[in-house]
Each structure stands twice: as structure tokens, then as C-alpha cells.
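**Q**
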Amino acid sequence: MDAPLPPLLLYTRQGCCLCEGLEQKLRALAPAPSLTVVDVDDDPALQARFGLEVPVLLVPAEGEPPRPLPRVPPRLQGAQLRHWLMGHLPLPPRA
59 MDAPLPPLLL
69 YTRQGCCLCE
79 GLEQKLRALA
89 PAPSLTVVDV
99 DDDPALQARF
109 GLEVPVLLVP
119 AEGEPPRPLP
129 RVPPRLQGAQ
139 LRHWLMGHLP
149 LPPRA
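First residue of the sequence shown? That's 59 in the numbering used here, and the numbers climb one at a time after it.
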């Protein structure tokens, strides 16, 4: 079985086909990561910061702001998407 992915945060907006596609692909992973989806249009600050950049995928970090990942190539799915995510996740802090 593949290693579990950490929780992810997805900034999106209604009617964005790239956003909807990425959300579906993330939810189809096995095991699927815990995914929080936030519509940037519900928050003026998020809309100003990410409005033209969605979808934006981030990794929440305890005690720190969420860390954005590079833009996910839209053709990735399944094992390729999982491999891409694992390669772009921030390294855990050293003890």
C-alpha cells in the first residue's frame, strides 16, 4: 500500500474546470488524502491573493502558514499524481 499523503488544502472557485478536475483526481487517490476545499470567492483576502491562480494546492503545517505546492500538471492522475505529490511535499522537520 502507498504511504499516506498529508492533509491538503485546495483553493478553488466555482465554475473552474481545472479546480474541479484537480479535486476529483485528489479524491480518487487510494488512499485519498484529507482534503479541505476553500472557495477563494468567499473571502476577499483570498480572492485578492489567489483569484487568478486557482487551483492552488497547499500543505497545512501546524503553527505555520500553509505551504503552497507548485502548480499541479493537469494531465497527472492516479499513481503519477501521487508520485508527483510525494516528490513536492515539504520535508518533515528534523528531530
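Where is the CB? At the ideal position from N, CA and C, for every residue including glycine.
If you draw a straight line from the alpha carbon of residue 148 to that of residue 60, how long is it in whole angstroms?
**A** So the two alpha carbons sit approximately 18 Å from each other.
**Q** Note down, one range per segment and in chain order, each alpha helix (DSSP H) of at least 4 residues found wholly within the region 59-130.
**A** Here the runs fully enclosed are 75-86 and 102-108.
**Q** Going by DSSP in three states, residue 134 sits in which element: helix, strand or coil?
**A** Residue 134: coil per DSSP, three-state reduction.
**Q** Given a cut-off of 8 Å on the beta-carbon distance, is the pair residue 62 and residue 117 in contact?
**A** It is not a contact, given that the beta carbons lie outside the stated cut-off.
**Q** Taking just the CA atoms, how far does residue 128 sit from residue 136?
**A** Straight-line Cα distance between these residues: approximately 18 Å.
**Q** Would residue 94 and residue 76 qualify as a contact pair, given that the criterion is a beta-carbon distance under 8 Å?
**A** No; because the gap between Cβ atoms is not below 8 Å, this pair is not in contact.
**Q** Restricting to Cα atoms, I'd like to know which of 142, 141 and 70 is closest to residue 105.
**A** That would be 70, whose Cα lies nearest to the Cα of residue 105.
**Q** In whole angstroms, give me the CA-to-CA distance for residue 107 and residue 88.
**A** Approximately 31 Å, taken between the alpha carbons.
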